[in-house]
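Single-structure report; data block below.
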Amino acid sequence: MNAANKSADVQSGAHLRLVSDRAAGTGASGITLSGVSKTYRSRDGDVPSLRPLDFHINDGEFFVVVGPSGCGKSTLLKMISGLLAPTTGEILVEGEKVTKPHGNVGIVFQNALLLPWRNVLSNVMLPIDMKKLPRDKFLPRAKELLKLVGLEGFERKLPWQLSGGMQQRASICRALVHDPRIMLMDEPFGALDAMTREKMNVELMRIQRETGKTVLLITHSIPEAVFLADRVLVMTERPGAIAAIYDVPLPRPRSLDAMADPVFTELVQRIRKHFFTQSSLD
Ligand SMILES: Nc1ncnc2c1ncn2[C@@H]1O[C@H](COP(=O)(O)OP(=O)(O)OP(=O)(O)O)[C@@H](O)[C@H]1O
Ligand SMILES: [Mg+2]
Numbered sequence: 002m003n004a005a006n007k008s009a010d011v012q013s014g015a016h017l018r019l020v021s022d023r024a025a026g027t028g029a030s031g032i033t034l035s036g037v038s039k040t041y042r043s044r045d046g047d048v049p050s051l052r053p054l055d056f057h058i059n060d061g062e063f064f065v066v067v068g069p070s071g072c073g074k075s076t077l078l079k080m081i082s083g084l085l086a087p088t089t090g091e092i093l094v095e096g097e098k099v100t101k102p103h104g105n106v107g108i109v110f111q112n113a114l115l116l117p118w119r120n121v122l123s124n125v126m127l128p129i130d131m132k133k134l135p136r137d138k139f140l141p142r143a144k145e146l147l148k149l150v151g152l153e154g155f156e157r158k159l160p161w162q163l164s165g166g167m168q169q170r171a172s173i174c175r176a177l178v179h180d181p182r183i184m185l186m187d188e189p190f191g192a193l194d195a196m197t198r199e200k201m202n203v204e205l206m207r208i209q210r211e212t213g214k215t216v217l218l219i220t221h222s223i224p225e226a227v228f229l230a231d232r233v234l235v236m237t238e239r240p241g242a243i244a245a246i247y248d249v250p251l252p253r254p255r256s257l258d259a260m261a262d263p264v265f266t267e268l269v270q271r272i273r274k275h276f277f278t279q280s281s282l283d
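Numbering (the numbering used here), first residue to last: 2 to 283.
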């Protein structure tokens, strides 16, 4: 680090708490990872994807993971949702050990993954049908969510009749419809144009604030991470490990104006330094 960078670091340290010191939870609520690693076994050999990770996400926290492509972010999310088993370690969600896919999470995958034969509304209603919950109770909620994300009037369209961004917005409604306690979101806004993306960021923050949901969101965008998060976990390159966890000391509620706050710009800069030699993050 050269002298100029060092002095900038010291200056920004006056505004920032550099590394998170939030109290670790007990494991009875939120999400706890203890020694969780993943090595994919394939015919061509082993692919170590995640080094052992230990961290806790508090109940009601907005927790964002940022890291370079291929560092194991989607792998992490799939393990927390129970779709994929860790190679080592243990994951607790709301105090329960994760051993199989579980119901109390809503998942937004990196691709929208809508069922092509179902229209938009019945794609959104899929978790209700799968859980055999009362349709008439949840139908108004599904319609309300579609309206919220600007898809009113598209309820009867099939996925191929929607743009990529619209499909992704429908998949966000599907993750929210059964009102899960925890939202796991894998680059949910990656396919959206910049303006819609900012609008969705504000909407998601509003939903999270009003409902107190625990959110784990993965993104490539450092500004998006800082804007949304209570804490940002920065990952190293594959096999991913924790490079740092930062508190975001910006007050809530946040508007887009928060991006002009010196605390915001300094933290974005600081996180960017972790990826100095990489171009995969914006
Ligand atoms: N089913 C699989 N079999 C073997 N290797 C896999 C499998 N899935 C992922 N990998 C490897 O594990 C690593 C992590 O993959 P993962 O999809 O978790 O990365 P990511 O951080 O989500 O990347 P991106 O930002 O590009 O979405 C990659 O290097 C990938 O090659
Ligand atoms: Mg991914």
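A virtual CB, placed ideally from N, CA and C, is assigned to each residue, including glycine.
Each of Pro-160, Asp-231 and Gln-209 was checked against the Cα of Leu-268, and the nearest Cα belongs to Asp-231. With contacts defined by Cβ atoms closer than 8 Å, Pro-160 and Asn-124 form a contacting pair. Along the length of the region 133-219, whole beta strand (DSSP E) runs at least 3 residues long occupy 183-187, reported in chain order. DSSP lists no beta-bridge partner residue for Phe-228. Between Leu-122 and Arg-157, the CB-CB gap stays under 8 Å. In this structure, Val-235 lies near Ala-244, with their beta-carbon atoms less than 8 Å apart. DSSP, read as helix, strand or coil, puts Lys-98 in strand. For Leu-34 and Val-94, the gap between their C-alpha atoms comes out near 9 Å. When the beta-carbon positions are compared, Ile-208 and Val-109 stay at least 8 Å from each other. For Asp-45, there is no enclosing beta strand (DSSP E), as DSSP marks it with neither H nor E. A Cβ-Cβ separation of about 16 Å leaves Thr-215 out of contact with Ile-246 under the 8 Å criterion. In this structure, the beta-carbon distance from Leu-217 to Leu-177 does not fall below 8 Å. Residue burial is scored here from C-beta neighbours: Asp-187 has at least 16 other C-beta atoms within 10 angstroms and is therefore classed as buried. Per DSSP, Asp-60 is not a residue of any alpha helix (DSSP H), being assigned neither H nor E. If you draw a straight line from the Cα of Val-37 to the Cα of Phe-56, it is about 9 Å long. Listed in chain order, the alpha helix (DSSP H) elements of length 4 or more contained wholly in the region 231-264 amount to none. One Cα belongs to Asp-194, the other to Phe-64, and the distance between them is close to 23 Å.
As DSSP reads the structure, Thr-88 sits in no beta bridge. Taking the Cβ of Ser-75 as the reference point, at least one heavy atom of ligand 2 falls within a distance shorter than 7 Å. In this structure, Leu-257 is the residue among Leu-257, Glu-238, Gly-213 and Thr-212 with its C-alpha nearest to the C-alpha of Val-227. Straight-line spacing of the CA atoms in Gly-154 and Arg-210 works out to 27 Å. Linking Leu-78 to Asp-137 through their CA atoms gives a straight-line distance of about 31 Å.
Judged by DSSP in its simplified three-state form, Ser-70 adopts coil rather than helix or strand. Here Ser-82 is buried, its C-beta having at least 16 other C-beta atoms within 10 Å.
No Cβ-Cβ contact shorter than 8 Å links Gly-61 with His-179. Around the CB of Lys-39, 16 or more other CB atoms lie within 10 Å, so the residue is classed as buried. In the DSSP assignment, Gly-107 falls within the unbroken beta strand (DSSP E) covering 106-109.
Residue Leu-51 holds the alpha-carbon nearest to the alpha-carbon of Arg-239 among Val-264, Pro-117, Ala-171 and Leu-51.
Between Leu-149 and Met-167, the C-beta spacing is not below 8 Å.
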